[in-house]
Structures are given as structure tokens and as C-alpha cells.
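Shown next, in C-alpha cells, is the structure this report addresses.
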Amino acid sequence: MVTEQRPANPLKGVPPRVWLALVLLVLAIVFILQNRQDTAIQLFMVVVTAPLWITLVVCVALGILIGALMSRRGRRAR
Numbered sequence: 151m152v153t154e155q156r157p158a159n160p161l162k163g164v165p166p167r168v169w170l171a172l173v174l175l176v177l178a179i180v181f182i183l184q185n186r187q188d189t190a191i192q193l194f195m196v197v198v199t200a201p202l203w204i205t206l207v208v209c210v211a212l213g214i215l216i217g218a219l220m221s222r223r224g225r226r227a228r
């Protein structure tokens, strides 16, 4: 009697965090492709022209940095 074994599904062993990372990567690529037009940014007297997606990524990074700095300060005060 010969029993036939089916190969295991290789996608079954992929952890959820890898799936989440892949979904976020696809969303980031779509975001970049849809926001490639140039935008003029003025800060005081300086005007810089850059793609919109770079502008938004820099703003998010600055927000994360400010949040990290503020949370460190809050922990020390306690």
C-alpha cells in the first residue's frame, strides 16, 4: 500500500509579522507612486521644491522624533 503525502504549504509557516511587513511595504510603494508630483515648501525665506512623498515622510519622521523626545522627558520626570 503506497500512501501519497502532499507537500506542506510553504505559506502556512510564515509568521503574521512578515505578512504585516509585506502589506505595509506594498502600501508604502503605492503611496510613493501616487505622490510623485513636486511640491514647494516655504520655511521662513527658504523655498525648497521636493516630491510630495518625501515631504510627507520627513514630516512623519519629525513627528516620531518629537514624540520620542517628549516621551523620554516624561519618563525622567516621574
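If you want my numbering, it's the position in the sequence shown, counting the first as 1, plus 150.
For each residue, glycine too, the CB sits at the ideal point set by N, CA and C.
Remember, predicted model here, so these are calculated numbers, not experimental data.
Item to check | Three-way DSSP call (helix, strand, coil) for residue 158 in this model | outcome: coil
Checklist entry - Just reading off the beta strand (DSSP E) that residue 187 is part of, what are its end residues? => result It is not in any beta strand (DSSP E) - residue 187 carries neither H nor E in the DSSP assignment.
Checklist entry - Using CA coordinates, which residue listed in 181, 165 and 214 is at the minimum distance from residue 204? => result 181
Next on the checklist: Once DSSP output is grouped into helix, strand and coil, what is the label at residue 165?
Outcome noted: coil
Checklist entry - What does residue 199 pair with, by DSSP beta-bridge criteria? => result 190
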